[in-house]
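This report concerns only the one structure given below.
There are 2 protein chains.
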Amino acid sequence: MTRRVALLAHEGFPDRAKTAVGVLRYADDEPVAVVDREIAEADPDARTTDYLDGVPDAPVVGRVADCPDFDALIIGVAPIGGGFNESWRPDVRAALEAGADVVAGLHYFLNDDEEFAALAAEHGGELWDVRKPPDDLGVAEGVARDLDTEVVLTVGTDCSTGKMTTTRELYEAAVDRGVDAAFVPTGQTGIVIEDWGIPVDRVVSDFAAGAVERMVRERADHDYLFVEGQGSIVHPAYSAVTTAILHGAMPDALVLCHEAGREAIHGYESFEIPNPGYVGGLYESLAEPVAPTEVVAGALNTKHLSDGDATDALDRYRSQVGAPVADPVRDGPGALLEAIL
Amino acid sequence: MTRRVALLAHEGFPDRAKTAVGVLRYADDEPVAVVDREIAEADPDARTTDYLDGVPDAPVVGRVADCPDFDALIIGVAPIGGGFNESWRPDVRAALEAGADVVAGLHYFLNDDEEFAALAAEHGGELWDVRKPPDDLGVAEGVARDLDTEVVLTVGTDCSTGKMTTTRELYEAAVDRGVDAAFVPTGQTGIVIEDWGIPVDRVVSDFAAGAVERMVRERADHDYLFVEGQGSIVHPAYSAVTTAILHGAMPDALVLCHEAGREAIHGYESFEIPNPGYVGGLYESLAEPVAPTEVVAGALNTKHLSDGDATDALDRYRSQVGAPVADPVRDGPGALLEAIL
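So the sequence lines, in the order shown, correspond to chains A and B. For the first sequence, position 45 (counting from the first letter as 1) is numbered 45 according to the working numbering, and the numbering increases by one without interruption. For the second sequence, position 51 (counting from the first letter as 1) is numbered 392 according to the working numbering, and the numbering increases by one without interruption.
What follows is the structure, encoded as structure tokens:
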């Protein structure tokens, strides 16, 4: 049965509510409402479709108590620092009192909150802290390359270049074509969408590749796995997570994700992003001694460009990457999928 | 005042007691005894110097209760899995009842043991779980390359190639020459020796580079920092830790560590170790976009070879690495230090 979800996104929908938007766009769940008091106050008749194209239509309400019946409340907005905003407490309380589950990807764990834990126990709901990795992880065994499945990994020139979106679009397009495929999430939005997965950035570094390997093994009965990458190997802070995924998943093919026009690492502006073709080659070189692979396609995020500029940017990107390229949102993932299958 | 330490190493001294041997060889502490009941039973007059060259002379006794006065008991042996061996409980109890501190690098945290926590509180000793990272770590800011200190990092073709030993030998030789230098440990043995540091392999992968950056910043008032590397970028399980250290420390120079004759990743025998020169180049390529560096010297572990074979192996290694090489244990670290200073 399809899970009915309410999406908490106070003061954040849609631009600062990445998880809520990801669930609307990609999850199998049925959204009963988005909860954003700022929007609901300004427009009591607001709908999701007023803000986003191609998502299920649902009302935007001011509080959880005003939502139609639902099975789970998903915290769909991530404040800087990942804390719990105390102004959300009445909403979470209302969800738990209605017997619903609550799903959150915060650094603050709902399970450690005495009131929420007690309410969940009393009303039979579950608290799922997506960012808490399992306790029983271990080091990678180095076996992913021996699995009988084609592993496709998205890698990037930086964070926030569209890896999650590209992975998900490729996966959905593959399934639409009748390919036996699975999606392997590695970050909180993907995990909430898939209702399964391990947040690799929260795993101790010794076990990070092992966590990825475990997910790949669990889904290895599919013909194709689309693994969501994280960060970048040229990122001064997050490259360890990226390396863990590259060596843990041992992909057969890479899709290189880049944002058109971005020249420096976001938030680390003194670090230039090298030519994307060079970055792609570096991924291949780093993979080579462990499990050889190659960049078979490039995904370019052109959302800030006009159609004409996007075409120019794609031409340039194609020559840099030396493989088929597309913007999977603007153009659809078809051309990229062709390069993979 | 020099700290007096007892070194617990039941059934492990010296070959399976890496931390005990590291402390004997490199720490400023005064060892009062090694505790190994197997050795003490076989030879009640056993001494450390019966087993190791160039370490302080101290008795090997059967239990902590038989040790001369000491300030701290160091768990110097790491069982597979990193658990606490219950047969050690009377020894830890005796140390705490004598008012001493207890230092351990186990996965099992002494601070979580009710009896030990109560005894430490009662008698004024401290429990230090070396493997527990600080709670206040964050992401790297990407600033290590701007510090006014020369950062030298050991990197390897595999785990257990001599990175800790090489780093420590270089650091001590530099200090002996009057260089203002500091040692930056990243693993438990180095941390116990230095009585300071963060176990990078136990830090969540998002913060691993940040942990290294923090240590480097704390020691940046020295002219040279010798940073202990971990794992290898060609290791299928531990490459994330390696990458975090490379990008977090942003070294000015690399020393490539390899064990003569080792052709496959230890414990992952289906993974060949590439030509060490290729691995060195891969470290340089991965560092380049974040903070350029180069392999300035190579350390070769030749402990399993005869003198003649070691000379041959060093010649071969020199041509592979394209830089001065030496076995810092057999030959001393002088030639390597020359290449660095």
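Every residue gets a Cβ at the ideal spot worked out from N, C-alpha and C, and that includes glycine.
Contact set for Asp206 (chain A): own chain, Cβ-Cβ below 8 Å, skip 5 residues either direction: Counted from its first residue, the first sequence places residue 206 (chain A) at position 206. Once the five neighbours on either side are set aside, the close Cβ partners of Asp206 (chain A) are Val139.
Proximity of Ala297 (chain A) and Val321 (chain A) at Cβ, strictly below 9 Å: Stepping through the first sequence from its first residue, residue 297 (chain A) is reached at position 297. Stepping through the first sequence from its first residue, residue 321 (chain A) is reached at position 321. Yes, they are a contact pair.
One or two residues paired with Tyr565 (chain B) in a DSSP bridge: Within the second sequence, residue 565 (chain B) is the residue found at index 224, counting from 1. DSSP, once it has assigned bridges, lists B:Glu491, B:Ala522 as partnering Tyr565 (chain B).
Presumed contact (8 Å Cβ cut-off) between Val203 (chain A) and Leu137 (chain A), rounded CB distance: As a first step, residue 203 (chain A) is located in the first sequence; it is residue number 203 there, counting from the start. As a first step, residue 137 (chain A) is located in the first sequence; it is residue number 137 there, counting from the start. Contact holds; Cβ gap of about 6 Å.
Chain A contact residues for Pro475 (chain B), given Cβ-Cβ distances below 7 Å: One-based indexing of the second sequence puts residue 475 (chain B) at position 134. Here the premise fails: no neighbours, minimum Cβ distance about 14 Å.
Inter-stretch contact (C-beta, 8 Å, three-pair minimum) for the stretch 258-274 of chain A and the stretch 501-519 of chain B: no
beta-carbon Lys359 (chain B) near the ligand FMN non-hydrogen atom, thresh 8 Å: Annotation note on the ligand FMN: not contained in the displayed structure, which lists no ligands.
Coarse secondary structure for Asp101 (chain A), derived from DSSP in three states: Taking the first sequence and counting its residues from 1, the one referred to as residue 101 (chain A) is at position 101. Three-state DSSP puts Asp101 (chain A) in a strand.
Three-way DSSP call (helix, strand, coil) for Tyr323 (chain B) in this model: The question about residue 323 (chain B) has no answer, for chain B in this structure spans 342 to 682.
Length of the line joining the Cα atoms of Glu559 (chain B) and Asp410 (chain B): Your numbering for residue 559 (chain B) matches position 218 in the second sequence. Your numbering for residue 410 (chain B) matches position 69 in the second sequence. Approximately 33 Å, taken between the alpha carbons.
Cross-chain neighbours of Ala209 (chain A) in chain B, by beta carbon under 8 Å: For the purposes of this step, residue 209 (chain A) is taken as the residue at position 209 of the first sequence. Within 8 Å Cβ-Cβ: Pro577, Ala578, Tyr579, Ser580, Ala581.
Spatially closest choice to Met591 (chain B) from B:Val493, B:Ile532, B:Val666, by CA coordinates: In the second sequence, the residue the question calls residue 591 (chain B) occupies position 250. Comparing Cα positions, the closest option is B:Val493.
Asp129 (chain A) classed as buried or exposed, judged by whether at least 16 other C-beta atoms fall within 10 angstroms: Indexing the first sequence from 1 puts residue 129 (chain A) at position 129. Buried is the call here.
Element boundaries [alpha helix (DSSP H), containing Gly622 (chain B)]: What you label residue 622 (chain B) is simply residue 281 of the second sequence in a count that begins at 1. Counting along the chain, the alpha helix (DSSP H) containing Gly622 (chain B) begins and ends at 617-628.
Thr243 (chain A) at chain B interface by Cβ criterion, 9 Å: As a position in the first sequence, residue 243 (chain A) is number 243, starting the count at 1. Taking Cβ atoms only, chain B reaches closer than 9 Å to Thr243 (chain A), which makes this a yes.
Cα-Cα separation between Ala402 (chain A) and Tyr392 (chain B), rounded to whole angstroms: Here chain A comprises residues numbered 1 to 341, so residue 402 (chain A) is not present and cannot be evaluated.
Interfacial residues, the stretch 243-273 of chain A to chain B, with Cβ spacing under 7 Å: Thr243, Ala244, His247, Tyr268, Phe271
Residues of its chain near Pro14 (chain A), where Cβ-Cβ distance is below 6 Å and the 5 sequence neighbours each way are ignored: For the purposes of this step, residue 14 (chain A) is taken as the residue at position 14 of the first sequence. Val21, Tyr51, Leu52.
Chain-ordered neighbours of Ala104 (chain A) on chain B, where CB pairs are closer than 7 Å: Position 104 of the first sequence, counted from the first residue, corresponds to residue 104 (chain A). The contacting residues do not exist; Ala104 (chain A) stays about 18 Å from chain B at best.
CB contact flag (Gly424 (chain B), Leu447 (chain B), <9 Å): Here the question's residue 424 (chain B) lines up with position 83 in the second sequence. Here the question's residue 447 (chain B) lines up with position 106 in the second sequence. Closer than 9 Å, so yes.
Residues within the stretch 143-168 of chain A neighbouring chain B, beta-carbon criterion of under 7 Å: none
C-alpha distance - Ala374 (chain B) paired with Ser239 (chain A), whole-angstrom precision: The residue given as residue 374 (chain B) occupies position 33 in the second sequence. The residue given as residue 239 (chain A) occupies position 239 in the first sequence. Computed Cα separation, rounded: 43 Å.
For Asp176 (chain A), three-class secondary structure by DSSP: Start at 1 with the first residue of the first sequence, and residue 176 (chain A) comes out as number 176. Helix, per DSSP.
Segment limits, beta strand (DSSP E) that includes Arg345 (chain B): Start at 1 with the first residue of the second sequence, and residue 345 (chain B) comes out as number 4. Run containing Arg345 (chain B): 345-349, per the beta strand (DSSP E) assignment.
Proximity test, Cβ basis, 9 Å: Asp453 (chain B) and chain A: Numbered from its first residue, the second sequence carries residue 453 (chain B) at position 112. So, not an interface residue.
Beta-carbon proximity of Leu147 (chain A) to Ala237 (chain A), cut-off 9 Å: Looking up residue 147 (chain A) in the first sequence gives position 147. Looking up residue 237 (chain A) in the first sequence gives position 237. Result no, Cβ atoms of Leu147 (chain A) and Ala237 (chain A) do not sit closer than 9 Å.
Proximal chain B residues relative to Ile233 (chain A), where beta-carbon distance stays under 7 Å: Here residue 233 (chain A) refers to the residue found at position 233 of the first sequence. Those within 7 Å of Ile233 (chain A) in chain B are Leu627.
Three or more C-beta pairs below 8 Å linking the stretch 99-118 of chain A and the stretch 222-231 of chain A: no
Per-residue DSSP class, three states only, for Ala33 (chain A): Within the first sequence, residue 33 (chain A) is the residue found at index 33, counting from 1. In this structure, Ala33 (chain A) counts as strand in the three-state DSSP scheme.
Classification of Asp312 (chain A) by the beta-carbon crowding that lies within 10 angstroms, buried from 16 upward: Residue numbering aside, residue 312 (chain A) sits at position 312 when the first sequence is read from its first letter. It is exposed - the Cβ of Asp312 (chain A) has fewer than 16 other Cβ atoms within 10 Å.
CB contact below 9 Å: Leu282 (chain A) versus chain B: Looking up residue 282 (chain A) in the first sequence gives position 282. Yes, Leu282 (chain A) lies at the interface with chain B (some Cβ there is under 9 Å from its Cβ).
Minimum Cβ-Cβ distance from Asp331 (chain A) to chain B less than 9 Å: Position 331 of the first sequence, counted from the start, is the residue given in the question as residue 331 (chain A). Output row for Asp331 (chain A): interface = no.
Interface residues of chain A facing Pro630 (chain B) [CB-CB closer than 7 Å]: As a working mapping, residue 630 (chain B) is identified with position 289 in the second sequence. Within chain A, the residues near Pro630 (chain B) are Val234, Pro274.
Three-state secondary structure (DSSP) of Trp429 (chain B): In the second sequence, the residue the question calls residue 429 (chain B) occupies position 88. It is helical.
CB-CB length for Val295 (chain A) against Glu284 (chain A), believed under 8 Å: Translated into the one-based positions of the first sequence, residue 295 (chain A) becomes position 295. Translated into the one-based positions of the first sequence, residue 284 (chain A) becomes position 284. Yes, they are in contact, since the Cβ atoms of Val295 (chain A) and Glu284 (chain A) sit about 7 Å apart, within 8 Å.
Nearest candidate by alpha-carbon position, reference Asn426 (chain B), set B:Val670, B:Ala676, B:Asp454: Counting from 1 along the second sequence, the entry for residue 426 (chain B) is found at position 85. Out of B:Val670, B:Ala676, B:Asp454, B:Asp454 has the C-alpha closest to the C-alpha of Asn426 (chain B).
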